[in-house]
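Trainee: Below you will find the structure I want to go over with you.
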């Protein structure tokens, strides 16, 4: 279920991307130093530039361009979507 949310987010961002985008990829990874200190990150890049990121420590999406800031704001205002993201942690 978590991968479904991630892929749907990727397609959402791709839908709003410019036509001249050359390359896009997404990363899903966990960073940890102990079992109690885990950070889950979802990152989406276009043309080697980070566009949007979910950070489990913050519990929200962060956009890094004008358009992805709007998308992140919309996702963060959707409690059902954020609840699903937190389930993946």
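Numbering (the UniProt record's numbering), first residue to last: 1 to 89.
Where a beta carbon is used, it is the ideal one built from N, C-alpha and C, also for glycine.
Can you pull the DSSP bridge partners for residue 43?
Mentor: Bridge partners of residue 43: 27, 53.
Trainee: In three-state DSSP terms, what is residue 60?
Mentor: It is a strand residue.
Trainee: Given residue 50, which residues of its chain have a CB within under 7 Å of its CB, disregarding the five upstream and five downstream residues?
Mentor: Correct list, in chain order: 43, 64.
Trainee: What are the start and end residues of the alpha helix (DSSP H) that includes residue 86?
Mentor: Its alpha helix (DSSP H) spans residues 79-87.
Trainee: Which one of 33, 37, 39, 47 has the shortest CA to CA distance from residue 24?
Mentor: It is 47 whose Cα lies nearest to the Cα of residue 24.
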